[in-house]
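Counting from 52, one number per residue, gives the positions in the sequence shown under this note's numbering. Here's the structure, in structure tokens; my notes come after.
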Amino acid sequence: QSVVLDGITLGHPCCAVYNCKLPLPTNQSHYCEAHHTKERECSINGCSNAAKMGFKTCATGNMSCLGIQI
52 QSVVLDGITL GHPCCAVYNC KLPLPTNQSH YCEAHHTKER ECSINGCSNA AKMGFKTCAT
112 GNMSCLGIQI
């Protein structure tokens, strides 16, 4: 686990998948090599659709994926 204070990371960077212990390929990566395909998935929990090109969310029209508060 790591802590970020004023843009400085304390600790070691880890995969964004809960409880994954594999190292990241670079410090800028969010996922390890085993989970790198998740970079192209919608960021909303429970949605596994592909993210729209240039966005972190999908283009399904689902209100939670569009970031619109209901």
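Think of the CB as a built atom: it goes at the ideal place given N, C-alpha and C, for glycine as much as any other residue.
For residue i, three-class secondary structure by DSSP
| i | result |
| --- | --- |
| A110 | coil |
| A67 | coil |
| I119 | Note that I119 scores a pLDDT of 48, beneath 50, so its modelled location is shaky; the value from the coordinates is reported in the next line. Correct three-state label for I119: coil. |
| A85 | helix |
Selected residue, minimal CA-CA separation from residue i, among the options
| i | options | result |
| --- | --- | --- |
| Q79 | C71, C98 and C65 | C65 |
| M104 | G97, E90, H81 and N113 | E90 |
Through-space distance from residue j to residue i, alpha-carbon basis
| i | j | result |
| --- | --- | --- |
| G62 | A110 | 36 Å |
| N100 | P74 | 26 Å |
Buried/exposed call for residue i, threshold 16 Cβ in 10 Å
| i | result |
| --- | --- |
| Y69 | exposed |
| A102 | buried |
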